[in-house]
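All residue numbers for the sequence shown refer to this note's numbering, where the first residue is 5 and numbers rise by one. Comments concern the structure below.
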Amino acid sequence: MILVDTIYIHSYGGRILLEYLIESITERKFLKKFMFFFDERLEFEENFVLPRHVKVKPNHFSRKKAYQNLKANVDTIFCLANVPPPIKLDKKVYIYFHNLLLLKKTSFNSLLRYYYLRFFNNSDYIWIVQTEYLKNMLSKRLKIRHIDILKIPFFKTNDIKTSKKDFNDKNLNFICVTSNLKHKNVNNLIKAFMNVKSKKNIKLFITMDGSNLTKGGIEIIFTGIINRIKLMDLYSKAHFLIFPSTHESLGLPIIEAIKSGSKVIVSKIPTFKEICKTEYFFNPHNNNEMKASIEKACSDKNESMPHLLIDDKVNDLINKLVENV
């Protein structure tokens, strides 16, 4: 039996990864070999068929109790939510690490999280990451050998349809798939976008709550949190994705946007340079550079499209999990 520990996963991006993993395991007819720990806050898409699972409160002590009360004969444990098991285990353990913020030591809370990872790690555990950059950072910060870190990215794009877009249209749609976390850099994006000089009418959709803004031919619309179907509809109409984060572990919206046929305007950070090739990179700490990239995108006659430098390896991940069962 394989235990997939997903406690602490409850937000949109993590949930999409989890649902895709379950769908892929089901497709491979391995689901009977798996059981799951779910965060009690987690809400799945309507009609999603749930596997064998236990719901657990998202804290160390509840998680520890869930492990201690585990009745199933578990051979392999896969921690999908960045953190090792809360008790030492003499089993095959894989930890999927996809949160760069947990390696930061910029506050008391971040220090606690960092030392929690250090304390509960075991030299026999194998870590899995999505990018080479994250692999190097994880090795450096947690003192883990490179040989104990595997790069196996996986992400859901099989529900994304590529749509034809006219980039010379006088009305251009931009999208920013984001949240209100500080590193998402949304406030600076709003300032830059509202000062763009363009002969075209430009509209930016931001997937968080806020008050809509208008200035001349510029419009910013806050959609609030939307479900996946509405997001796919936004992608189908968006000429450009803007992703201004100061740091990210992957950048799933970039992958989704490119798959949908949109061009991407993104921060010049190591992760994004590793996962895609685009004409529009900018310094996320420089509003003028961000604004210039948007203006270039509006007026550019260059027909070259961005392309991905990363592939979905979900089947490789599943193969790794079931190889000892």
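Here a beta-carbon is modelled for each residue, glycine too, at the ideal position from N, C-alpha and C. None of the values given here were measured: they were computed from a predicted structure.
(1) Mapping the DSSP letters down to three states, classify Tyr284 as helix, strand or coil.
(2) Out of Pro89, Asn292, His251 and Met294, point me to the one whose CA is closest to Ile273's CA.
(3) Which complete alpha helix (DSSP H) runs does the segment 290-324 hold, if anything under 4 residues is left out?
(4) Beta-carbon within less than 8 Å of Arg117's beta-carbon, same chain only, minus the 5 sequence neighbours each way: which residues are those?
(5) Let me check one thing: in DSSP terms, what residues is Asn205 bridge-paired to?
(6) With the cut-off set at 8 Å, would you say Ile224 and Ile210 are in Cβ contact?
(7) What is the DSSP secondary structure of Asp43, reduced to helix, strand or coil?
(8) As an exercise, report each continuous beta strand (DSSP E) stretch of at least 3 residues that is fully enclosed by the segment 8-57, in chain order.
(9) So, are the CB atoms of Phe247 and Cys180 less than 8 Å apart?
(10) Using 8 Å as the threshold, is the segment 201-209 in touch with the segment 175-189, meaning 3 or more CB pairs across them?
(11) Which same chain residues, not among the five before or five after Asn199, have their C-beta less than 7 Å away from its C-beta?
(12) Would you mind giving the Cβ-Cβ distance between Tyr71 and Leu84, rounded to the nearest angstrom? I have them listed as a contact below 8 Å.
(13) Please determine, among His102, Thr218 and Asp237, the residue with the shortest C-alpha to C-alpha distance to Ser167.
(14) Which residue wins for smallest C-alpha separation from Thr110, given the options Lys165, Thr275, Lys95 and His187?
(15) Where do the ends of the alpha helix (DSSP H) carrying Lys219 lie?
(16) Assuming Leu312 contacts Ile269 (C-beta within less than 8 Å), just tell me the rounded distance between them.
(17) Return the chain-ordered list of same chain residues with a C-beta closer than 8 Å to the C-beta of Asp163, the five sequence neighbours on each side being excluded.
Let's see:
(1) Locating residue 284 in the sequence shown gives position 280, where the first residue counts as 1. Assigned with DSSP and collapsed to three states, Tyr284 falls in strand.
(2) Against the sequence shown, residue 273 aligns to sequence position 269. With distances taken between Cα atoms, Ile273 lies closest to His251.
(3) If we require 4 residues or more, the alpha helix (DSSP H) runs fully inside the segment 290-324 come out as 291-303.
(4) To locate residue 117, count along the sequence shown from 1; it is residue 113. If we look at Arg117 and ignore the five residues flanking it on each side, its Cβ neighbours are Leu106.
(5) Position 201 of the sequence shown holds residue 205. Beta-bridge pairing links Asn205 to Asn175.
(6) Residue numbering aside, residue 224 sits at position 220 when the sequence shown is read from its first letter. Residue numbering aside, residue 210 sits at position 206 when the sequence shown is read from its first letter. Yes; because the gap between Cβ atoms is below 8 Å, this pair is in contact.
(7) On the sequence shown, residue 43 is found 39 positions in, with the first residue counted as 1. Under the three-state reduction of DSSP output, Asp43 falls in the strand class.
(8) Within the segment 8-57, complete beta strand (DSSP E) segments of at least 3 residues are found at 38-43, given in chain order.
(9) Position 243 of the sequence shown, counted from the start, is the residue given in the question as residue 247. Position 176 of the sequence shown, counted from the start, is the residue given in the question as residue 180. For Phe247 and Cys180, yes; Cβs fall inside 8 Å.
(10) Taking a cut-off of 8 Å on C-beta distances, the segment 201-209 touches the segment 175-189, as three or more cross pairs fall below it.
(11) For the purposes of this step, residue 199 is identified with residue 195 of the sequence shown, where counting begins at 1. Cβ within range, chain order: Lys295.
(12) As a position in the sequence shown, residue 71 is number 67, starting the count at 1. As a position in the sequence shown, residue 84 is number 80, starting the count at 1. About 15 Å separates the Cβ atoms of Tyr71 and Leu84, ruling out a contact at the 8 Å cut-off.
(13) Counted from its first residue, the sequence shown places residue 167 at position 163. Of the candidates His102, Thr218 and Asp237, the one whose C-alpha sits nearest the C-alpha of Ser167 is Asp237.
(14) Along the sequence shown, one-based indexing puts residue 110 at 106. In terms of Cα proximity to Thr110, the closest of Lys165, Thr275, Lys95 and His187 is His187.
(15) Along the sequence shown, read from residue 1 onward, the residue named residue 219 stands at position 215. In the DSSP assignment, Lys219 falls outside any alpha helix (DSSP H) and within the unbroken beta strand (DSSP E) covering Leu217 to Lys219.
(16) Position 308 of the sequence shown, counted from the start, is the residue given in the question as residue 312. Position 265 of the sequence shown, counted from the start, is the residue given in the question as residue 269. Leu312 to Ile269, Cβ: 16 Å. No contact.
(17) Position 159 of the sequence shown, counting from 1, holds the residue named residue 163. For Asp163, where only same-chain residues beyond five positions count, the Cβ hits under 8 Å are Arg232 and Met236.
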